[in-house]
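Data block below; observations after.
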Amino acid sequence: MFHETPIYSRLVAERGDVPAQVRGEADRIHHHLAQVIRLHVPQNAPGPGLAHAAPQAPAHGRPAIAPYTAP
């Protein structure tokens with residue numbers, strides 16, 4: 001486990017707890033992106049392993065986009 005050292009304590013006093021601020025911002029962004037993804041993924045979207053599924057029909061004159069497949 002991490003134990004604070006005098007230099008770390010002094011840096012936190014001078015500059016603020018930057019690692020904690022970064023973790024907080026990363027958590028906020030992660031939460032926001034999870035909401036955005038949850039709102040924009042169609043209910044009938046193919047899941048992993050279904051990459052061979054045909055792309056859906058174009059919407060509003062735009063070309064169809066192939067389903068995302070995880071690497």
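Under UniProt numbering, the residue at position 60 of the sequence shown is numbered 60, and the numbers go up by one with no gaps. For glycine and all other residues, C-beta sits at the position ideal for the given N, C-alpha and C.
- Judged by beta-carbon spacing, Val-12 lies within the 9 Å limit of Glu-4, meaning their Cβ atoms are closer than that value.
- The alpha-carbon of Arg-10 is positioned some 51 Å away from that of Gln-43.
- Annotation for Glu-14: the continuous alpha helix (DSSP H) segment containing it runs 6-15.
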